[in-house]
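FYI, the working numbering numbers position 153 of the sequence shown as 153, with every residue one higher than the one before it.
Read the structure below first, then the notes.
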Amino acid sequence: MRIFGLIFLLVAAIGFCAWYKAQPRVIPGTYAALNIGIKWDDKFMDQLPADMDTSIIVRDAIGNPLKFAQYLPIVFNHEGFIFQDRGVWRLMRFTEGARDTLKRDTGIVARLSRWAAFRPDTIQDPQVKLKALAKILNQVDRVLVLKSQRQLILQRQGKDVKTFHIELGMQPVGKKQFEGDGKTPEGTYTLDVKYTRGDAYYKSFLLSYPNKQEKAYAASQGKKPGMSILIHGTKPNKIKAKDWTAGCIAMQNDDMDKLFDNVAEGTLIEVRP
1 MRIFGLIFLL VAAIGFCAWY KAQPRVIPGT YAALNIGIKW DDKFMDQLPA DMDTSIIVRD
61 AIGNPLKFAQ YLPIVFNHEG FIFQDRGVWR LMRFTEGARD TLKRDTGIVA RLSRWAAFRP
121 DTIQDPQVKL KALAKILNQV DRVLVLKSQR QLILQRQGKD VKTFHIELGM QPVGKKQFEG
181 DGKTPEGTYT LDVKYTRGDA YYKSFLLSYP NKQEKAYAAS QGKKPGMSIL IHGTKPNKIK
241 AKDWTAGCIA MQNDDMDKLF DNVAEGTLIE VRP
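Written out as structure tokens, the structure is:
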């Protein structure tokens with residue numbers, strides 16, 4: 001798992017660097033010129049998708065709460081974007097300062113989708129923009145894993161939305177502490193990298209395990225905590241297998257598709273015994 005993790009981070013970093021260099025260089029005063037997409041008009045309020053959740057409150061860069069009517073024009077006009085960050089909805093405006101913040105972010109590989117949002121806006125159909133925003137606002141805000149019940153539950157505003165069957169590590173009882181113990185972590189983490197794979201495991205989410213405390217405990221025991229704990233798909237020869245991973249959470253591939261549709265990077269995940 002350690003070797004896989006190092007390879008993954010290296011490939012992700014190289015891929016990001018290549019993508020970033022290929023993007024148009026945006027300097028102060030020129031970004032707006034690249035955005036030729038349709039702009040907000042109050043008449044579009046009558047065209048909001050019926051399922052759009054307009055109750056979501058987001059926080060700006062200094063923590064001020066913004067209601068739907070306040071951030072809607074900003075997002076629609078491609079002057080900023082909203083995202084979940086450890087259970088909090090946030091607004092990031094498209095500025096050079098925002099780019100600098102991402103460059104300094106130690107979790108940059110886990111936030112490639114935020115960099116992608118900086119691409120120029122060329123969309124002319126208001127419905128395309130509104131449906132895209134509705135999909136973001138309708139995503140779940142928490143994932144709960146009940147290890148003993150082999151369940152992964154998607155939650156939104158305190159209510160269960162979907163429940164999936166899962167498989168765990170080869171040693172399913174107990175909290176992961178060390179590299180190679182075959183256990184699945186327990187605690188609260190963030191779902192960071194979300195990516196489609198090129199192998200038999202189909203798709204993956206990377207959990208933010210280990211945290212500082214878990215690293216410190218493992219070090220105090222003269223061991224390593226392990227890394228690269230994922231939620232991933234199931235390869236063909238493991239479809240009917242029970243608790244077969246090295247510590248990851250495995251789901252059927254069609255369930256991974258649903259997870260990708262409903263969960264964004266930055267969403268909190270709680271793993272209980």
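We put the beta carbon where it would ideally sit given N, CA and C, even for glycine.
Inset, instruction - Can you grab the Cα-Cα spacing for the pair glutamine 23 / proline 120, in whole Å? - result: Start at 1 with the first residue of the sequence shown, and residue 23 comes out as number 23. Start at 1 with the first residue of the sequence shown, and residue 120 comes out as number 120. In this prediction, glutamine 23 scores a pLDDT of 44, lower than 50, which makes its location untrustworthy; the coordinate-derived value is nonetheless stated afterwards. The straight-line gap from Cα to Cα measures roughly 10 Å.
Legend entry - tyrosine 209, DSSP secondary structure in three states: The sequence position of residue 209 within the sequence shown is 209, counting from 1. Coil at tyrosine 209, not helix or strand.
Inset, instruction - Have a look at proline 236 and tyrosine 202 and give me their C-alpha separation to the nearest angstrom. - result: Here residue 236 refers to the residue found at position 236 of the sequence shown. Here residue 202 refers to the residue found at position 202 of the sequence shown. If you take the alpha carbons of proline 236 and tyrosine 202, they lie about 10 Å apart.
Legend entry - Proximal residues to proline 273 (C-beta, below 7 Å), its chain only, five neighbours per side dropped: Indexing the sequence shown from 1 puts residue 273 at position 273. So the qualifying residues of the chain are Lys147, Ser148, Glu186.
Legend entry - In DSSP terms, what valine 145 is bridged to: Translated into the one-based positions of the sequence shown, residue 145 becomes position 145. Per DSSP, Leu152, Val271.
Legend entry - Contact check, leucine 66 vs leucine 91, beta carbons under 8 Å: Residue 66 sits at position 66 when you count from the first residue of the sequence shown. Residue 91 sits at position 91 when you count from the first residue of the sequence shown. In contact: leucine 66 and leucine 91 (Cβ atoms closer than 8 Å).
Inset, instruction - Output the boundary residues of the beta strand (DSSP E) element that contains isoleucine 82. - result: In the sequence shown, the residue the question calls residue 82 occupies position 82. Run containing isoleucine 82: 80 to 85, per the beta strand (DSSP E) assignment.
Legend entry - proline 126 - DSSP class collapsed to helix/strand/coil: Taking the sequence shown and counting its residues from 1, the one referred to as residue 126 is at position 126. Of the three classes helix, strand and coil, the one that applies to proline 126 here is helix, per DSSP.
Inset, instruction - Measure the beta-carbon distance from valine 161 to valine 140 and round it to whole angstroms, keeping in mind my assumption that it falls under 8 Å. - result: The count along the sequence shown starts at 1 and reaches residue 161 at position 161. The count along the sequence shown starts at 1 and reaches residue 140 at position 140. Contact flag correct, Cβ pair sits at about 6 Å.
Inset, instruction - Could you tell me the boundaries of the alpha helix (DSSP H) in which leucine 72 lies? - result: Residue 72 sits at position 72 when you count from the first residue of the sequence shown. Run containing leucine 72: 68 to 76, per the alpha helix (DSSP H) assignment.
Legend entry - Pairwise C-alpha distance: glutamine 221 and threonine 54: For the purposes of this step, residue 54 is taken as the residue at position 54 of the sequence shown. For the purposes of this step, residue 221 is taken as the residue at position 221 of the sequence shown. Taking the straight line from one Cα to the other gives about 49 Å.
Legend entry - Opposing strand residues paired with glutamate 167 [DSSP bridges]: Walking along the sequence shown from the start, residue 167 turns up at place 167. According to DSSP, which records beta bridges pairwise, glutamate 167 is partnered with Ala250.
Legend entry - Cβ separation of threonine 184 and glycine 266, assumed to be a contact under 8 Å, to the nearest whole Å: Here residue 184 refers to the residue found at position 184 when the sequence shown is read from its first residue. Here residue 266 refers to the residue found at position 266 when the sequence shown is read from its first residue. Incorrect: roughly 21 Å between the Cβ atoms, too far for contact.
Legend entry - CA nearest to the CA of glycine 80, picked from Ile239, Val173, Ala250, Leu133: Along the sequence shown, read from residue 1 onward, the residue named residue 80 stands at position 80. Comparing Cα positions, the closest option is Leu133.
Legend entry - Beta-carbon proximity list for phenylalanine 76, same chain, < 6 Å, skipping 5 on both sides: To locate residue 76, count along the sequence shown from 1; it is residue 76. Closer than 6 Å at Cβ, skipping near neighbours: Trp40, Lys129.
Legend entry - the region 82 to 90 touching the region 154 to 168, judged by at least three CB pairs closer than 8 Å: no
Inset, instruction - Report the three-state DSSP secondary structure of isoleucine 231 (helix, strand or coil). - result: Position 231 of the sequence shown, counted from the first residue, corresponds to residue 231. Three-state DSSP puts isoleucine 231 in a strand.
Inset, instruction - Would you kindly report the start and end of the unbroken beta strand (DSSP E) that includes threonine 196? - result: Indexing the sequence shown from 1 puts residue 196 at position 196. That run of the beta strand (DSSP E) goes 187 to 196.
Inset, instruction - Put lysine 223 into one of helix, strand or coil per three-state DSSP. - result: Within the sequence shown, residue 223 is the residue found at index 223, counting from 1. In this structure, lysine 223 counts as coil in the three-state DSSP scheme.
Inset, instruction - Classify arginine 25 as buried or exposed, calling it buried when 16 or more other Cβ atoms lie within 10 Å of its own Cβ. - result: The sequence position of residue 25 within the sequence shown is 25, counting from 1. With a pLDDT of 45 at arginine 25, under the threshold of 50, the modelled position of this residue cannot be trusted; read the value that follows with caution. Classification of arginine 25: exposed, given that the 10 Å Cβ count is below 16.
Inset, instruction - Pull up the DSSP beta-bridge partners for methionine 92, would you. - result: As a working mapping, residue 92 is identified with position 92 in the sequence shown. Beta-bridge pairing links methionine 92 to Phe81.
Legend entry - Nearest residue (CA-CA) to glutamate 214, options Phe68, Asp42, Lys176: Numbered from 1 along the sequence shown, position 214 holds the residue referred to as residue 214. When each option's Cα is compared against that of glutamate 214, the closest is Lys176.
Legend entry - DSSP-derived helix/strand/coil call for lysine 131: Start at 1 with the first residue of the sequence shown, and residue 131 comes out as number 131. The answer is helix: DSSP assigns lysine 131 an H, G or I state.
Inset, instruction - With a threshold of 16 other CB atoms inside 10 Å of the CB of glycine 226, please say whether the residue is buried or exposed. - result: The residue given as residue 226 occupies position 226 in the sequence shown. By the 10 Å Cβ count, glycine 226 comes out buried.
Legend entry - One or two residues paired with valine 58 in a DSSP bridge: In the sequence shown, residue 58 corresponds to position 58, counting from 1. Leu66.
Legend entry - Buried or exposed by the 16-neighbour rule on C-beta atoms within 10 Å, applied to glycine 169: Position 169 of the sequence shown, counted from the start, is the residue given in the question as residue 169. Counting Cβ neighbours within 10 Å, glycine 169 comes out buried, since at least 16 surround it.
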